[in-house]
Amino acid sequence: MEYGNSTENGIGKSNGISNGYGIGNGYVNGHGIGNEHGNGNGDVYGNGKVNGEKVKKMKPMDSEMLREQGHIMVDFIADYYKNLEDSPQDFPVLSQVQPGYLRDILPDSAPDHPEPLKELLHDVSKKIIPGLTHWQSPSYFAYYASSTSVAGFLGEMLNAGLSVVGFTWLASPAATELEVIVLDWLAKLLQLPDHFLSTGNGGGVIQGTGCEAVLVVVLAARDRIMKKVGKNSLSQLVVYASDQTHSSFRKACLIGGIHEENIRLLKTDSSTNYGMPPKSLEEAISSDLAKGFIPFFICATVGTTSSAAVDPLFPLGKIAESYGIWMHVDAAYAGNACICPEFREHIDGVENADSFNINAHKWLFANQTCSPLWVKDRYSLINALKTNPEYLEYKVSKREEVVNYKDWQISLSRRFRSLKLWMVLRLYGAENLRNFIRDHVNLAKHFEDCVAQDAHFEVVTTRYFSLVCFRLAPIDGDEDKCNDQNRELIATVNSTGKIFISHTALSGKFILRFAVGAPLTEEKHVTEAWQIIQKHATKFIHNKKN
Ligand code: PLP
């Protein structure tokens with residue numbers, strides 16, 4: 003074994019065993035020189051002495067330690083993915099632990115001295131992993147997936163390793179320039195209009211999450227309107243979205259000082275498949291204008307969180323344009339699918355939007371977190387968010403062309419997230435990414451067909467992407483009983499640990515959601531999931547007959 007006299011996975015007994023002096027009890031970087039009691043004269047990562055010998059001081063970032071432990075960690079993670087596929091019985095998809103479980107099994111305080119990685123990984127296996135809900139399990143069908151990939155993982159690894167902080171161009175020119183370029187690439191794959199590209203007045207920025215994306219554009223739009231109508235107009239500002247809009251919109255408005263009663267969440271129902279009706283928007287705006295309110299922001303969604311509903315961007319954008327209202331398009335989940343020509347129509351009309359956002363960590367295999375946001379006019383964002391402390395001032399030639407991403411987001415520090423997006427795009431290529439997405443959509447269609455063929459169930463909304471909304475059908479029109487049965491069904495199914503699905507409510511109905519998007523999911527997992535659901539539904543079906 004390369005790591006000297008260590009055992010098993012390279013971190014042997016030699017590591018972390020106190021030498022009796024209570025010092026130098028760190029990790030022994032064997033290379034054949036530490037002995038099993040850790041008191042060898044090797045490269046010890048501990049301060050002080052080992053058996054009276056002065057040893058090297060511990061370095062937080064030691065390249066050799068990184069190499070050794072990094073390999074071990076990659077093996078550990080690769081084994082995790084392999085086991086998720088090969089031994090699903092050991093990994094209940096929805097964690098089965100009870101609240102507070104971890105406090106009972108971890109010490110009360112942090113260790114004073116280094117502990118070996120092997121021990122730590124043992125704890126991860128025995129204490130942490132049981133408390134995980136396995137989002138990457140092939141039988142994970144809840145919420146929307148958090149899609150990972152080898153390329154995304156490697157990008158995260160490189161990001162963590164290089165650990166630069168590109169808040170200004172100067173702070174790490176490549177971090178800024180790669181982000182500009184990669185978001186132009188992605189904008190082209192999505193066929194976004196040219197004004198969202200960095201070559202025009204717009205451009206892209208990677209926010210951490212969809213919540214951050216909507217917050218910064220609400221702030222930009224608020225700043226723009228208040229410059230026009232005056233600083234004291236805050237209480238008159240009104241915003242619009244549908245009642246299906248993600249809760250982050252309300253939060254963003256409240257952070258932005260918009261009065262809660264001025265947040266108009268327009269009612270949707272099954273007649274528009276839960277998309278926002280343009281007529282309701284037009285009426286709400288007219289009514290607000292008549293009362294002296296100032297409409298300034300519309301949040302449209304392509305792929306709502308509940309049911310993947312699609313707001314009709316084209317008519318909504320026309321209304322926004324005619325009233326000079328900022329329109330944001332939240333396409334956190336479904337926007338990713340729009341790199342496929344056959345799904346692109348769902349964002350037709352985006353040309354009238356002021357901003358557009360997708361979560362590449364949801365369905366573009368870019369690992370948590372990565373939320374590209376494009377704006378039509380970058381200066382509206384920069385004017386709202388820029389700060390210029392002296393300590394960040396610098397001079398470059400061609401200064402006007404320089405992007406300082408600190409002025410496009412809330413925080414100052416920022417991760418080099420474009421690396422992983424660049425790696426995902428390069429290591430797979432657009433055509434593979436399109437096919438990954440198509441596979442998921444086809445798997446969802448397979449599930450939908452299964453549901454449709456069973457008379458005891460019903461598909462509840464039109465499926466556009468990889469989410470199926472369904473339920474056990476009501477018996478004799480008894481909606482209350484139907485809701486209770488579906489509640490019980492999902493609880494039973496999820497408690498098996500074999501699959502995890504989630505739920506929502508639409509028009510007062512309790513709905514089950516089956517969302518495909520985990521990277522390991524194959525047809526057999528979908529078929530098995532359906533069999534599990536059917537099996538646990540027999541109880542209600544039997545009751546029906548009685
Ligand atoms: N918008 C939509 C439509 C979503 O579905 C979600 C999350 O599921 C969000 C926004 C929030 O995204 P994030 O969790 O990245 O903040």
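Position one of the sequence shown corresponds to residue 3 (my numbering), numbered consecutively onward. Ideal placement from N, C-alpha and C gives every residue a C-beta, glycine not left out.
Terminal residues of the alpha helix (DSSP H) in which residue i lies
i    : result
Q209 : Per DSSP, Q209 belongs to no alpha helix (DSSP H); it is in the beta strand (DSSP E), G205 to Q209.
N485 : E481 to S497
R436 : S420 to Q455
V218 : G212 to V231
R380 : R380 to L387
P391 : Premise fails: P391 is in no alpha helix (DSSP H) and is neither H nor E.
G73  : The sequence as given places His at residue 73; Gly does not occur at that position. From DSSP, the alpha helix (DSSP H) with H73 extends over S65 to D88.
P374 : First-last for P374: S373 to V377, but that is the beta strand (DSSP E), not the alpha helix (DSSP H).
L96  : Unbroken run through L96: none, as it is neither H nor E.
Near the ligand PLP: residue i beta-carbon under 8 Å from a heavy atom
i    : result
L205 : In the sequence as presented, Leu is not what sits at residue 205; that position holds Gly. G205: no, Cβ never under 8 Å from the ligand PLP.
S141 : no
S127 : no
V216 : yes
T211 : yes
G277 : no
D332 : yes
T463 : no
S373 : yes
Y466 : no
T201 : no
H442 : no
S357 : no
T307 : yes
Minimum C-alpha distance to residue i - residue among the options
i    : options                   : result
L522 : V495, S289 and W365       : W365
K422 : K59, N354, P62 and S151   : S151
H348 : A362, S357, Y335 and L315 : L315
T201 : A189, G212 and T211       : A189
I260 : S235, G154 and F198       : S235
R380 : L394, N369 and S357       : S357
K447 : N390, T529 and P391       : T529
S148 : S250, W137, E158 and T464 : W137
F169 : F449, A362, N390 and A432 : N390
F502 : H73, V518, I513 and A144  : A144
P118 : Y103, M67, G232 and P90   : M67
F542 : V99, C484 and K233        : C484
Y466 : N406, R346 and Q533       : R346
F251 : M228, P280 and L221       : L221
K59  : N85, H73, P343 and P116   : P116
E158 : W187, A368, A336 and T274 : A368
A153 : H363, S141 and Y103       : H363
L414 : R428, L387 and V304       : L387
P374 : G212, S174, P297 and L491 : G212
Y396 : P297, W171, A311 and Q71  : W171
A173 : Y430, S420, V405 and H527 : V405
DSSP three-state assignment for residue i, whether helix, strand or coil
i    : result
R515 : strand
M60  : coil
D332 : strand
T178 : helix
R473 : strand
F169 : coil
L104 : coil
L414 : coil
Y407 : helix
N31  : Residue placement at N31 is flagged as unreliable, the pLDDT there being 38, under the threshold of 50; the coordinate-derived value follows with that caveat. N31 falls in the strand class under three-state DSSP.
F198 : helix
V184 : helix
I287 : helix
Y142 : strand
G44  : Bear in mind that the predicted position of G44 carries a pLDDT of just 42, short of 50, making it unreliable; the figure below should be weighed with that in mind. Residue state, collapsed to three classes: coil.
V398 : coil
Residue span of the beta strand (DSSP E) that contains residue i, given as start and end
i    : result
R465 : Looking at the DSSP string, R465 is not in any beta strand (DSSP E), and its letter there is neither H nor E.
C301 : I296 to T303
I503 : F502 to L508
S357 : S357 to N359
V241 : L239 to S244
R266 : I265 to L268
Inter-residue CB distance, residue i and residue j (contact presumed, cutoff 8 Å)
i    : j    : result
A520 : L474 : The Cβ separation is near 24 Å, so there is no contact.
S282 : K269 : 7 Å
N203 : L239 : About 24 Å separates the two Cβ atoms, so there is no contact after all.
G499 : L134 : With a Cβ gap of about 12 Å, G499 and L134 do not count as contacting.
F472 : E460 : 6 Å
L217 : I412 : 7 Å
V462 : I513 : 5 Å
F93  : S139 : 6 Å
Any C-beta of chain C under 9 Å from that of residue i
i   : result
V95 : Any reference to chain C falls outside this structure, which holds one protein chain only.
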